[in-house]
């Protein structure tokens, strides 16, 4: 996206019918460290890569418990994510207080989306620079939603956001149809595998990632380092067993796909004035 | 605030007792809910677990008690989100006091006792009035049967006055089993003479291994 004369205010439309400030906010999400979410009929798993500002500092918190039955993983401006988590927690507590029952996930994401939309229509505000993967369980089952800064939200079987998330999405696109039948442990394994894809070569250890689960009979909680490391070790063993030919082919295929995606992004940047590509928020 | 015949409040009766020990706390309340000379139910719990090591029992108007319990539970949840840990008993005691005083001019008609373990693992009991004045003590009783129970506890537990210097520990040297037996005895005695106390007594014992619950039958008349 190139700078243009319609991108100063969030309240200024471009001639092509786009709000550039909102799209720039979505770019901020793409810059953040990766987060993935996967859903089966009974469980939802969230996994994130924890970037540390330097070797001396602690890792950023990207997964927040909202209530016993809901948790979120964020990518983008973590400060915005923290503020929104506080809002979501308040909404859940207030609902429980009045109705003595947990807030259904679909209602929570609508309130969050409405809050995000407000910031796209006030000249004295800016859109939130954070995308949230909302994982929750309610009477209607397990749900995974993605809320973006534009105020849109979608339900997903599996999704990935943040930098190098395309690799994780490609991995999950191949396997998502089976997710509904997955057990809790298979879901966790695939989540870590997806995170591994986003690291692209860097070693996956339990110290740089966070995994959280919510499911039937299991309130939202983060897994401890030991459990995560055990799953990672079992993934590594499986990879070592795979034949050399198969191991060589897979990374090459993914490299092609991710370079295709990069080319597509570049093409769209050049074509923005022709409006041949729908603005991201309209999808 | 003109009360006009108490149409906003109701006294549902009942009695609560708590005793603090060296490493445990016993808290008990009867389970009768009454209005006037009638019994609404024989099976109503006046005890609420607020945190891992903190339990509240109250007598008075049960409608206000339900609201107060929900209020504290919500505040505790917010605390847990912010601080990543459960509230300690002394912290909850201060919160309860503030919550009660917040409604100084339309009070919660509840007479509360808070019991649990403090951060050192020692038993603690806090006793309140309706508007939040509170004190840490070694034992306490509140409610319609309190007048019959406190003199007995004074006799058995001999708590030192809070005005003594140097400050003396208020917790009783009694063993956990002895304290539970004492609580059962005082409830049986109060039931004899207080019409609002009876049916069953719910006894909770909080110690390092968690919270244990016991129910004992009382006279039904």
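Chains as they are written, first to last, in our numbering: chain U, 73 to 355; chain Z, 666 to 886. All residues carry an ideal CB built from backbone N, CA and C; glycine is no exception.
Quiz item: Is the region 696 to 712 of chain Z touching the region 866 to 884 of chain Z in the sense that three or more CB pairs, one from each, lie closer than 8 Å?
Solution: yes
Quiz prompt | residue 146 of chain U at chain Z interface by Cβ criterion, 9 Å | solution = no
Quiz item: Relative to chain Z, which residues along the region 150 to 169 of chain U have a C-beta separation below 7 Å, given in chain order?
Solution: 161, 165 and 169
Exercise. With DSSP collapsed to three states, give me the class of residue 115 of chain U.
Key: strand
Exercise. Could you work out which residues of chain U lie near residue 742 of chain Z, taking near to mean beta carbons separated by less than 7 Å?
Key: 165
Quiz item: Given residue 139 of chain U, which residues of its chain have a CB within under 6 Å of its CB, disregarding the five upstream and five downstream residues?
Solution: 164
Practice problem: Give the DSSP bridge partners of residue 154 of chain U, in chain order. | Solution: None; residue 154 of chain U has no bridge partner.
Self-check item: Cutoff 7 Å; reference residue 265 of chain U; Cβ partners in own chain excluding five residues on either side
Solution: 243 and 307
Quiz item: Straight-line CA distance for residue 805 of chain Z to residue 778 of chain Z?
Solution: 7 Å
Self-check item: Cβ-based contacts, 7 Å cut-off: residues of the region 723 to 747 of chain Z near chain U
Solution: 735, 739, 742, 743 and 746
Quiz item: residue 712 of chain Z and residue 867 of chain Z: beta carbons closer than 9 Å?
Solution: yes
Quiz item: Ends of the beta strand (DSSP E) at residue 870 of chain Z?
Solution: 865 to 872
Quiz item: What does DSSP give as the partner residues of residue 800 of chain Z in its beta bridges?
Solution: Z/792
Self-check item: Continuous alpha helix (DSSP H) stretch holding residue 858 of chain Z: start and end
Solution: 841 to 858
Practice problem: Find the nearest neighbour of residue 808 of chain Z within the set Z/864, Z/762, Z/830 and Z/855, judged by alpha-carbon distance. | Solution: Z/855
Practice problem: Given a cut-off of 9 Å, decide if residue 235 of chain U and residue 137 of chain U are closer than it, judged by their beta-carbon atoms. | Solution: no
Practice problem: State the DSSP-derived secondary structure class of residue 680 of chain Z, mapped to helix, strand or coil. | Solution: strand
Quiz prompt | Which listed residue (U/295, U/215 and U/158) has its alpha carbon closest to that of residue 744 of chain Z | solution = U/158
Self-check item: Under the three-state DSSP convention, the category residue 288 of chain U falls into
Solution: coil
Self-check item: Min CB distance residue 241 of chain U to chain Z below 9 Å
Solution: no
Quiz item: Given residue 180 of chain U, which residues of its chain have a CB within under 8 Å of its CB, disregarding the five upstream and five downstream residues?
Solution: 138, 142, 160, 163, 164, 206 and 208
Quiz prompt | Runs of alpha helix (DSSP H) wholly within the region 79 to 108 of chain U (minimum 4 residues, chain order) | solution = 92 to 103
Practice problem: Please classify residue 677 of chain Z: is it buried, with 16 or more other beta-carbons within 10 angstroms of its beta-carbon, or exposed? | Solution: buried
Quiz prompt | Contact belief for residue 829 of chain Z with residue 692 of chain Z at Cβ below 8 Å, rounded distance in angstroms | solution = With a Cβ gap of about 25 Å, residue 829 of chain Z and residue 692 of chain Z do not count as contacting.
Self-check item: Same chain, Cβ closer than 7 Å to residue 853 of chain Z, five either side skipped, listed in chain order
Solution: 883
Exercise. Please confirm whether residue 144 of chain U and residue 128 of chain U have their CB atoms less than 9 Å apart.
Key: no
Quiz item: Cα-Cα, which of U/125, U/85 and U/109 is closest to residue 135 of chain U?
Solution: U/109
Self-check item: Close-in-space but distant-in-sequence residues of the same chain around residue 329 of chain U (CB under 7 Å, 5 per side omitted)
Solution: Residue confidence for residue 329 of chain U is low, a pLDDT of 42 falling below 50, so the modelled location carries little weight and cannot support an answer.
Quiz item: Going along the chain, which residues of its own chain have a beta-carbon closer than 6 Å to the beta-carbon of residue 175 of chain U, five neighbours each way excluded?
Solution: 164 and 167
Exercise. In angstroms with no decimal places, state the Cα-to-Cα distance between residue 191 of chain U and residue 79 of chain U.
Key: 15 Å
Exercise. Under 6 Å Cβ to Cβ from residue 76 of chain U, same chain only, skipping five residues before and after it: list those, please.
Key: none
Quiz item: Are residue 899 of chain Z and residue 813 of chain Z closer than 9 Å when you measure CB to CB?
Solution: Residue 899 of chain Z cannot be examined here, being either before or after the span of chain Z that is shown, 666 to 886.
Quiz item: Excluding sequence positions up to five away, which residues of its chain have a Cβ less than 6 Å from the Cβ of residue 652 of chain Z?
Solution: Any question about residue 652 of chain Z goes unanswered here, given that chain Z covers just 666 to 886.
Quiz item: Near residue 215 of chain U, what residues of its chain come up, given a Cβ to Cβ distance below 8 Å and the 5 sequence neighbours on each side ignored?
Solution: 111, 116, 177, 178, 206, 207, 208, 209 and 227
Quiz item: In the structure shown, what three-state DSSP assignment does residue 210 of chain U receive?
Solution: strand
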